[in-house]
Amino acid sequence: MKLPRREFLHLSAAASAVAIIPRLAIADSYPSRPVRLIVGFPAGYATDIVARLVAQSLSERLGQQVFVENHPGAATNIAAEEVVKAVPDGYTLLAMTVTNAVDATLYNNLKFNIAHDVAPIVATFRSPNVLVVTPSLPAKTLPEFIAYAKANPGKINYASAGYGSAPNVNAELFKMMVGVDLMHVPYSGSLLPDLLSGQVQCAFPPIPLAIANIRAGKLRALAVTSATRSDALPDVPAVAEFVPGFEASIWHGIGAPKKTPEAIINTLNHQINAVLADPKVKERFADIGGVPLGGSAADFHKLIADEIAKWGNVIRVANINPA
């Protein structure tokens with residue numbers, strides 16, 4: 358049956374309105390219950406610290422509690438897989454970090470693709486790692502460390518949080534660009550006790566993890582891994598001042614399961630950007646050695662893609678294999 362033109366237009370308009378209503382309802386009602394933010398590291402790690410700082414202020418802005426849940430294991434892949442499989446309704450989020458980008462190349466048997474199965478919301482934080490040595494090591498500057506390492510190939514141990522962790526890939530990039538031979542000692546738990554006791558001689562931990570011990574004189578900071586110096590350690594040079602082109606910052610962000618409604622992604626992006634613009638949050642980030650990022654979901658998507666490409670190359674050249 359052919360409908361009169363006027364009736365057809367009325368029905369079309371009504372159908373369009375019905376399609377719009379759910380999207381508007383989602384935007385207006387979210388969140389109506391607490392939100393889970395899943396962290397793939399134990400409490401006290403850099404990712405956990407940043408996630409809790411953001412969650413605290415985000416809870417106030419959303420009017421619902423944002424709970425941080427620590428689900429460590431399998432180099433953050435347990436947490437990532439849990440979020441990938443979660444209902445895409447905005448109530449289960451992933452605290453993302455550079456490790457997720459590294460894992461995309463490091464592991465061949467993942468049940469998800471971080472670049473396609475997680476919807477980026479916003480990047481939250483950037484901080485360099487820092488090359489630290491035990492006070493007993495004779496090198497007091499980065500040039501002295503490089504000279505000492507070249508004179509003692511294979512005799513300096515560096516600690517990391519495991520194969521593919523940021524301290525591991527940072528150290529491997531350093532080895533490649535400087536031409537030194539450092540022995541890798543991976544840890545499944547905290548590397549700090551053995552580093553502080555001198556069982557291992559150096560590491561490239563995130564500044565938030567090391568800064569208290571640096572300030573207390575228990576570790577000697579030789580260089581930060583960002584392209585320029587960090588405001589948190591202004592007297593510590595950047596590796597790039599001696600090794601042109603070296604840059605290896607860590608970053609954090611928040612993602613959601615693929616197919617999470619765009620209205621929810623936009624709400625979270627807007628509210629988290631507001632959190633990152635808060636002077637108090639900026640001050641807290643500065644205290645732990647980093648700066649807020651922010652920006653659009655598209656900006657974060659590009660960051661993830663760029664980091665997957667960068668660290669994928671390092672993993673292949675250095676032949677890093679998970680143990």
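Quick note: the sequence shown uses this note's numbering, first residue 358, plus one each step. Built from N, CA and C at the ideal position, the CB exists for glycine as well.
- Three or more Cβ pairs drawn from the segment 603-615 and the segment 644-660 lie within less than 8 Å of each other, which places the two stretches in contact.
- Taking a contact to require three or more Cβ pairs closer than 8 Å, the segment 594-607 and the segment 426-440 do not qualify as touching.
- Assigned with DSSP and collapsed to three states, His-541 falls in strand.
- For Asn-626, no beta strand (DSSP E) run applies; the uninterrupted alpha helix (DSSP H) run containing it begins and ends at 619-634, by DSSP.
- For Leu-499, no beta strand (DSSP E) segment is defined; the enclosing uninterrupted segment is the alpha helix (DSSP H) at 499-508.
- Leu-552 sits close to Thr-491, with the two beta carbons spaced by under 9 Å.
- Taking 9 Å as the cut-off, the Cβ atoms of Trp-668 and Thr-462 count as close.
- Spanning the alpha carbons of Ala-403 and Lys-468 requires a straight line of approximately 25 Å.
- In this structure, the straight-line span from the alpha carbon of Ile-672 to that of Ile-665 is close to 10 Å.
- In summary, Phe-424 is exposed, with fewer than 16 beta-carbon neighbours lying within 10 Å of its beta-carbon over all protein chains present.
- Shortest Cα-Cα distance from Gly-397 to any of Met-453, Ser-389, Val-479 and Asp-446 involves Met-453.
- Per DSSP, Arg-483 is one residue of the beta strand (DSSP E) stretching across 475-485.
- The residues Asn-427, in chain order, have a CB closer than 7 Å to that of Ala-400 in the same chain once the five nearest residues on each side in sequence are set aside.
- Residues Val-489, Val-490, Thr-491, Pro-492, Leu-552, Leu-553, Ala-567 and Asn-570 of the same chain have their beta carbon placed closer than 8 Å to that of Leu-576, with the five preceding and five following residues left out of the count.
- The alpha helix (DSSP H) runs lying completely inside the segment 528-599 and spanning 4 residues or more are 549-554 and 564-572, given in chain order.
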